[in-house]
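Following: one structure in C-alpha cells, then a few remarks.
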Amino acid sequence: MTYYADLSRYTRHPAGVPSGVTALNVGWLSWTRRYPRFARGRVPEEFAAALTLLCRDGQRERTSRFHPCGLPHLVGERRRPVRMRVAGEDVLLGNSEVVAVAADGTWLVAPSLIHHYVTRHRYRPPEEFVEAVLAARTPRAESAAVTAGSPR
Numbered sequence: 001m002t003y004y005a006d007l008s009r010y011t012r013h014p015a016g017v018p019s020g021v022t023a024l025n026v027g028w029l030s031w032t033r034r035y036p037r038f039a040r041g042r043v044p045e046e047f048a049a050a051l052t053l054l055c056r057d058g059q060r061e062r063t064s065r066f067h068p069c070g071l072p073h074l075v076g077e078r079r080r081p082v083r084m085r086v087a088g089e090d091v092l093l094g095n096s097e098v099v100a101v102a103a104d105g106t107w108l109v110a111p112s113l114i115h116h117y118v119t120r121h122r123y124r125p126p127e128e129f130v131e132a133v134l135a136a137r138t139p140r141a142e143s144a145a146v147t148a149g150s151p152r
C-alpha cells in the first residue's frame, strides 16, 4: 500500500471530497516506512469498538483489489485478505477507505486496514482521529446533522 504521512494532505481520490472540505491522511502505513514511536501504543477500549463500527459501516472508495498488511507478521500468519469479526460476521478490510470528521470539519481519511493496524500492530492514530471516531463524526452523520438543521 502507498504510504502517506499522518495529517498530510489527502490526494488519493480528490473527487470524493466535497468542494471546500480539507482532507488529511491518517494511517496509510507501509513496511518501507516505520511509523514513529509516538504513533505506537494502546488506544482506549472504547476507541477500538468505535473504530470497528466505522470500518464496518463507513467503507467508501472501494476497489476490486485487496491490499495485504505490509507490516511484520508471524511466519504463516494470513496477510490477505485481512478480516475483522463483528457480531459473528466477517468484514473484509484493505479494499476501501473510511472517514472520520474532526471537530473543525476536516476529513480524516484512513484505509480500512487502520482497524488491523490499531488492533494488531499497536498503531496509535493522531488524537484528532481518535476524538472524531469516538464522537462518531462521519460525513454521513455530518450531512444528516446539517439536513436536520442542527449545528456541528
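In UniProt numbering, the protein residues as written are 1 to 152.
Beta carbons are placed, not taken as given, at the ideal position from N, Cα and C, and that holds for glycine.
Within the model, the alpha-carbon separation for Ala23 versus Tyr117 is close to 21 Å. Between Pro111 and the set Val43, Val82, Val21, Glu46, the nearest pair of CA atoms involves Val82. Beta-bridge partners assigned by DSSP to Ser30: Arg33. For Ala50, the enclosing alpha helix (DSSP H) starts and ends at 45–57. Annotation: His121 to Thr32 spans about 15 Å, alpha carbon to alpha carbon. Comparing C-alpha distances from Gly94 to each of Thr11, Pro68, Ala87, Gly41 shows the shortest one belongs to Pro68.
DSSP, read as helix, strand or coil, puts Val91 in strand.
Only residues of its own chain outside the window of five on either side were considered, and among them Val26, Ala100, Leu108 have a CB closer than 6 Å to the CB of Phe129, listed in chain order. DSSP, reduced to helix, strand and coil, places Ala132 within a helical segment of the structure shown. The beta carbon of Tyr3 sits closer than 8 Å to those of Trp28, Leu29, Ser30, Thr32, Arg33, all from its chain and outside the five residues before and after it, given in chain order.
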